[in-house]
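Trainee:
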Amino acid sequence: MNKALQTKVKDLRKKSGLTLDALADATGISKSYLWEIENRKEAPSPSAEKLGAIAGVFGVTVDFLLHEETGSPEERHLDEAFFRNYSNLEPEDRERVRKIVDSFRKG
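One point on numbering: in this note's numbering, the residue at position 30 of the sequence shown is 41, and numbering is uninterrupted.
(1) Beta-carbon within less than 7 Å of Ala-35's beta-carbon, same chain only, minus the 5 sequence neighbours each way: which residues are those?
(2) Leaving out the 5 sequence neighbours to the left and right, which residues in its chain are closer than 8 Å to Ser-114 when beta-carbon positions are compared?
(3) Pick from Glu-91, Arg-105, Glu-53, Pro-57: whose alpha carbon is nearest that of Gly-39?
(4) For Glu-69, which residues in the same chain have their Cβ closer than 7 Å to its Cβ, ignoring the five residues on either side in sequence?
(5) In three-state terms, what does DSSP make of His-88?
(6) Does Arg-51 come out as helix, strand or coil in the three-state DSSP assignment?
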């Protein structure tokens with residue numbers, strides 16, 4: 012399990028004043044699964060969809076949740092803005108964006 016993810020989800024949730032129940036309602040992820048993300052040594056690795064839902068609630072990127080902070084504040088701001096926009100897309104449009112990103116990664 013990614014320690015950065017465990018720490019950041021718990022910290023963001025507490026700073027936001029959300030309970031596990033409230034975060035579960037906001038993300039559509041079960042309270043028990045969120046508890047496992049925050050607390051278990053051998054917690055499951057959340058899917059991209061679940062990570063996106065968590066990141067969307069807190070207005071951060073999935074990259075922020077998974078990694079130590081890198082890049083300039085401006086880059087992080089642009090990444091967060093992109094992710095917020097992505098989170099608001101319809102599922103079909105999200106799939107299109109994923110395909111475009113995959114095509115760039117494949118070279």
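For every residue, glycine included, the Cβ atom is placed at its ideal position computed from N, Cα and C.
Being a predicted model, the structure only gives us computed values, none of them experimental.
Mentor: Result, derived from the coordinates:
(1) Numbered from 1 along the sequence shown, position 24 holds the residue referred to as residue 35. The answer, listed in chain order, is Ser-41, Lys-42, Leu-45.
(2) Position 103 of the sequence shown, counting from 1, holds the residue named residue 114. Correct list: empty, nothing qualifies.
(3) As a first step, residue 39 must be located in the sequence shown, where it is residue number 28. Cα-wise, what sits closest to Gly-39 is Pro-57.
(4) In the sequence shown, the residue the question calls residue 69 occupies position 58. According to the sequence provided, residue 69 is Phe. The question's Glu does not apply to it. The residues are Leu-23, Ser-27.
(5) Here residue 88 corresponds to residue number 77 of the sequence shown, with the count starting at 1. Helix.
(6) The residue you call residue 51 lines up with position 40 of the sequence shown. Reduced to three states, the DSSP call for Arg-51 is coil.
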